[in-house]
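Working notes for the structure below.
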Amino acid sequence: GYASYAWEHDHEGVRYLDNTPGFVAAFPNTNAGDMSPNLNLKPGSGPTEDEFENTRIIGERQLDKAREVYAGARPVTGGVDSRLTYVDMENVTVRGEYTTDGKEQRTCPAVVGASTLAGSVEDGPAIPGFEEGTRTPVASIIDALRVDTPSWLATCQYPKASLIPTGLLSNVHPVTPKILPLQIMKIGELYLVAGPGEFTITAGLRVRRTVAQELGVPLERVLLQGYANAYSQYVTTPEEYETQNYEGGSTLYGRNTLPAYQQEYARVAASLRQGTAIGRGTAPPDESARQFTFQTGVVYDNPPLGKSFGSVLTAPASSYARGSTATVEFATGHPKNNVRRGSTFLEVQRLEAGSWVRVLDDGDWETTYRWTRINGLTGTSKATVTWAIGADTAPGTYRIVHHGDAKNLLGKITPFTGASPTFTVSG
């Protein structure tokens, strides 16, 4: 995100297209299942109503704190080690030492709850009419889906209102995972718990405490790395599960999902601490051949009538002052034809000694690239490129270049490049 970009680009001078970066700033997600950047509790809002400004402000807050911590950092010492095991999360017997009532409990076959359809207040509703905290079945939806949930499973998942018992549909087509990879990695004095889902803040803290206790190390040396190795939606605490907000409805394996994770991660941690092998368990089946997508793909592209790909549809002004924004529109193809990894959709070029030199690309914060389908039937599209001209921009002659790819009716993809008329930037 912005924090990584600003540290690498602004502080370390990394230019992604020029050479191999000599510095990488990673801001990985930990137990972020109930975190949101929408500070005003609605999508895209907070602290301002401008999504780009919000990204910059929040990113700078993260960056400032990270650099403060980094200033006092020291190299880790020690070796590297790892343990990984596969666990059938639908069939875990959880010992009383990990449950809230001290009694042996079980996880359940996966169920997607009705409150999942509500979405969350801060990140936006999913389907109108549904609210977080839904604990009663929604008959019309259940009937429409024609999926029955047996009483024993409803009891196991209580108080979740069952929408789709995905764990019972595996023989038809796997919808949610059953067997998940649980891993702990040791990097010197740091331990990373790889979690295959979105753990809430408190759920992640409990896993960290369990692992730290088993390893006999301070809590701050154990971090949970979420969204790792697989994805199984959310993981809440049993108390959070009771409220059946969006995250609870999306906790697949029932109220004891987190206690099961704590128990199994303790087993992995014990193996790591003792230096012993751990049984890998049964790996999940390879379902790659059965995957499907709702994406239609690109059918074909056409330029607007009388234009060619890369033609300028809206030209820039002849001159700009620092602090203003230059905008150019090009006839283009669908960006999914070529996502240009290791390349760029745009360049801001400056004329230097008779040659055009790239000074900015689509990896720079000052530039934006927006693709718009003009007409789906004819396959015409436009690319809108903007450049917010910084106060430190050198005066001179500039142009904006667009790189794209177009697909014809036969499926052939052809690259193209278009350039805007020149314009000047003055102080």
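Taking the working numbering, the leading residue of the sequence shown gets 14, the next gets one more, and so forth. Every residue, glycine too, gets a C-beta built ideally from N, C-alpha and C. Predicted, not measured: the structure shown is a model, and the values here were computed from it.
Which term fits residue i, buried or exposed, when burial requires 16 or more other beta carbons within 10 angstroms of its beta carbon?
| i | result |
| --- | --- |
| residue 415 | buried |
| residue 347 | buried |
| residue 33 | exposed |
| residue 163 | exposed |
| residue 352 | exposed |
| residue 41 | exposed |
| residue 402 | buried |
| residue 287 | exposed |
| residue 53 | exposed |
| residue 239 | buried |
| residue 67 | buried |
| residue 393 | buried |
| residue 273 | buried |
| residue 409 | exposed |
I need the straight-line Cα distance from residue i to residue j, nearest angstrom please.
| i | j | result |
| --- | --- | --- |
| residue 129 | residue 92 | 42 Å |
| residue 155 | residue 303 | Because residue 155 sits at a pLDDT of 47, beneath the cut-off of 50, its placement in the model cannot be relied upon, and the following sentence gives the value as read from the coordinates. For residue 155 and residue 303, the distance between alpha carbons rounds to 25 Å. |
| residue 48 | residue 216 | 12 Å |
| residue 152 | residue 173 | With a pLDDT of 47 at residue 152, under the threshold of 50, the modelled position of this residue cannot be trusted, and the question is left open. |
| residue 83 | residue 24 | 13 Å |
| residue 440 | residue 411 | 14 Å |
| residue 267 | residue 180 | 11 Å |
| residue 10 | residue 73 | Because the chain in this structure spans residues 14 to 440, residue 10 falls outside the shown range and cannot be described. |
| residue 159 | residue 248 | Unreliable positioning characterises residue 159 in this predicted model, as indicated by a pLDDT of 46, which lies under 50. The coordinate reading is nonetheless provided below. Going from the Cα of residue 159 to the Cα of residue 248 covers about 27 Å. |
| residue 16 | residue 75 | 6 Å |
| residue 381 | residue 284 | 49 Å |
| residue 436 | residue 371 | 15 Å |
| residue 228 | residue 358 | 48 Å |
| residue 455 | residue 116 | Residue 455 falls outside the range modelled here, since the chain spans only 14 to 440, and no answer is possible. |
| residue 419 | residue 85 | 50 Å |
| residue 202 | residue 245 | 29 Å |
| residue 59 | residue 134 | 14 Å |
| residue 110 | residue 250 | 15 Å |
| residue 230 | residue 293 | 25 Å |
| residue 289 | residue 427 | 55 Å |
| residue 365 | residue 299 | 55 Å |
| residue 291 | residue 233 | 25 Å |
| residue 316 | residue 423 | 16 Å |
| residue 318 | residue 432 | 19 Å |
| residue 168 | residue 261 | 15 Å |
| residue 400 | residue 65 | 14 Å |
| residue 252 | residue 329 | 57 Å |
| residue 209 | residue 101 | 13 Å |
| residue 354 | residue 337 | 29 Å |
| residue 187 | residue 306 | 14 Å |
| residue 404 | residue 223 | 51 Å |
Using only CA atoms, which one of the options lies nearest to residue i?
| i | options | result |
| --- | --- | --- |
| residue 126 | 233, 175, 100 | 175 |
| residue 213 | 280, 394, 254 | 254 |
| residue 197 | 61, 50, 225 | 225 |
| residue 165 | 120, 396, 135, 133 | 120 |
| residue 311 | 86, 421, 257 | 421 |
| residue 281 | 96, 425, 112, 388 | 96 |
| residue 235 | 56, 104, 220 | 220 |
| residue 308 | 336, 349, 14, 341 | 349 |
| residue 430 | 322, 366, 408, 111 | 322 |
| residue 332 | 434, 190, 29 | 434 |
| residue 20 | 70, 80, 30 | 80 |
| residue 363 | 273, 407, 134 | 407 |
| residue 88 | 356, 252, 200 | 200 |
| residue 35 | 43, 44, 22 | 22 |
| residue 397 | 427, 342, 387, 375 | 342 |
| residue 38 | 161, 329, 423, 14 | 14 |
| residue 466 | 122, 205, 231 | Because the chain is modelled from 14 through 440, residue 466 falls outside the range shown and cannot be assessed. |
| residue 104 | 313, 295, 369 | 295 |
| residue 106 | 113, 118, 114 | 118 |
| residue 356 | 393, 315, 417, 329 | 417 |
| residue 189 | 27, 207, 306, 263 | 263 |
| residue 18 | 320, 387, 389, 375 | 375 |
| residue 29 | 167, 377, 329, 391 | 377 |
Thinking residue i and residue j are a contact (beta carbons under 8 Å), I'd like their distance in whole angstroms, please.
| i | j | result |
| --- | --- | --- |
| residue 211 | residue 46 | 4 Å |
| residue 344 | residue 324 | 5 Å |
| residue 178 | residue 99 | That pair is no contact at about 22 Å. |
| residue 361 | residue 265 | With a Cβ gap of about 47 Å, residue 361 and residue 265 do not count as contacting. |
| residue 425 | residue 326 | So it is not a contact: roughly 24 Å between Cβ atoms. |
| residue 259 | residue 132 | 6 Å |
| residue 269 | residue 112 | 6 Å |
| residue 271 | residue 43 | That pair is no contact at about 15 Å. |
| residue 51 | residue 136 | 6 Å |
If we cut at 7 Å on Cβ distances, does residue i have a partner in chain C?
| i | result |
| --- | --- |
| residue 251 | Included in the structure is just one protein chain, with no chain C present. |
| request: Starting from the N-terminal side, write out each stretch of the alpha helix (DSSP H) that is 4 residues or longer and does not extend beyond the stretch 221-280. | output: 251-256, 259-262
| Of all the beta strand (DSSP E) runs that stay within the bounds of the stretch 358-389, which reach a length of 3 or more residues? | 359-365, 368-374, 380-388
| Mind pulling the alpha helix (DSSP H) runs of 4 or more residues that sit fully within the stretch 60-144? | DSSP runs (the alpha helix (DSSP H)) wholly in the stretch 60-144: 64-84.
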